[in-house]
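Below: the structure, in structure tokens.
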Amino acid sequence: MVIGRFAPSPTGPLHFGSLVAAVASYCDAKSQGGKWLLRIEDVDITRRVEGASDDIIRTLQRYGFEWDGAIVYQSQRSEYYEHALTRLRHLGLAYPCTCSRKEIADSSTQKGIEGVIYPGTCLHHPIKPNTSIAWRLKTPAKKISFEDRIVGWQEHNIGQDIGDFVIKRADGLFNYQLAVVVDDAMQGITHVVRGADLLQSTTRQIYLQQCLGYAPLAYAHIPLVLNNQGQKLSKQTMAASVANSSPAETIYQALCFLQQSPPDTIKNATLNRVWRWAISNWNANRLAGA
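Take a look at the structure:
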């Protein structure tokens, strides 16, 4: 059975870009007779906005989303992430690191897809005493690839393009990459539909899945909704929350953005009718090359 999910971070109210991702993942799962789960990705409590989780949930309910099972909160799942870290340590795949960002920037000579590559200082030398410890995952010079359902073939050399990355931070919080991999596996997720801003994270997550012995997933990364300055809609770019009124019309607009070509006749239809059309006519292939 197909099991999809929507996993917003509670950093503010739901904006149109997040709604588009929710619509895409919902239609993709439901059109295949599958389940759709809701997960609140609040593992980074330093970014969490008070009341945002409840606000997102209410908005999704108002817009007619129906998730299967209980809502999962990452902030309540640290024991599972710790267990995964322990497994990686026992396998010899994780090691402690006490390097600061400045030390890494000063000592690294290699650039990767998201900045400097960690030079492996703490892998090869003793860690500093009386210093907070982060945990990194060892990354070999190994190619990790996958066929994205929308974007197509993707490949990174996990060691040369990304390097040993943090899976638990020095402040004690678990990194998103580890948390999302553990959650997807434990919830039985089979299909991930999300924004293209997470495309470059996928090979890291696939490598973690391989290290932990988890099943591979099917990925589809949808185009991002941008503002007039070409920036992704987000709290940082002051994105407005979706309107409380006219949810059916907003879902219609999301379907248009997703290249689903909904007929004008459903623009002002009931919310139930819009959803019936959206699920019955969903085709992710229309986004290929978008």
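For any residue, its number in the working numbering is found by taking its place in the sequence shown, counting from 1, and adding 1473. The beta-carbon is built from N, C-alpha and C at its ideal position, and this holds for glycine as well. What you are looking at is a predicted structure, and each value in this text was computed from that prediction instead of being measured.
> Starting from residue 1512 and walking both ways along the beta strand (DSSP E), at which residues does that stretch end?
Replying inline: 1508-1513
> Relative to the ligand FMN, is the shortest distance from any of its heavy atoms to the C-beta of residue 1604 smaller than 6 Å?
Replying inline: Among the components of this structure there are no ligands whatsoever, and the ligand FMN is therefore not found.
> Taking the Cβ atom as the reference point for each residue, do residue 1596 and residue 1567 lie within a distance shorter than 7 Å?
Replying inline: For the pair residue 1596 and residue 1567, the CB atoms are not nearer than the 7 Å cut-off.
> From residue 1794 to residue 1629, what does the alpha carbon distance come to, in whole angstroms?
Replying inline: Summary: the structure shown does not reach residue 1794, with the chain confined to residues 1474 through 1763, and so no result is reported for it.
> Hey, out of 1512, 1571 and 1533, whose CA is closest to residue 1543's CA?
Replying inline: Cα-wise, what sits closest to residue 1543 is 1512.
> CB residue 1516 to CB residue 1647, shorter than 7 Å?
Replying inline: yes
>> Measuring alpha carbon to alpha carbon, tell me which residue in 1608, 1607 and 1665 is nearest residue 1620.
In response: 1665
> Sorted by chain position, which residues of the same chain lie with C-beta nearer than 8 Å to residue 1658's C-beta, five sequence neighbours on each side aside?
Replying inline: 1682, 1685, 1687 and 1688
> Which residue's Cα is closest to the Cα of residue 1614: 1523, 1603 and 1631?
Replying inline: 1631
>> Could you tell me the alpha carbon to alpha carbon distance between residue 1504 and residue 1752, rounded to whole angstroms?
In response: 5 Å
>> Assuming contact is defined by CB atoms lying nearer than 7 Å, are residue 1698 and residue 1489 in contact in what I supplied?
In response: yes
> What do you get for residue 1599, buried or exposed, if any count of 16 or more other CB atoms within 10 angstroms of its CB means buried?
Replying inline: Under this definition residue 1599 is an exposed residue.
> Looking at the unbroken beta strand (DSSP E) that takes in residue 1556, where does it start and where does it end?
Replying inline: Where residue 1556 is concerned, there is no enclosing beta strand (DSSP E), although the alpha helix (DSSP H) it sits in stretches over 1551-1563.
> Where does residue 1676 land, buried or exposed, given buried means 16+ other C-beta within 10 angstroms?
Replying inline: buried
> What are the partner residues of residue 1569, as DSSP defines its beta bridges?
Replying inline: 1608
> Which residues does DSSP pair with residue 1627 in a beta bridge?
Replying inline: 1619
>> Restricting to Cα atoms, I'd like to know which of 1721, 1738, 1761 and 1729 is closest to residue 1745.
In response: 1721
>> If you reduce the DSSP assignment to three classes, tell me which class residue 1667 lands in.
In response: Residue 1667 falls in the strand class under three-state DSSP.
> Could you give the C-beta distance for residue 1583 and residue 1590, rounded to a whole number, given that I count them as a contact under 8 Å?
Replying inline: 4 Å
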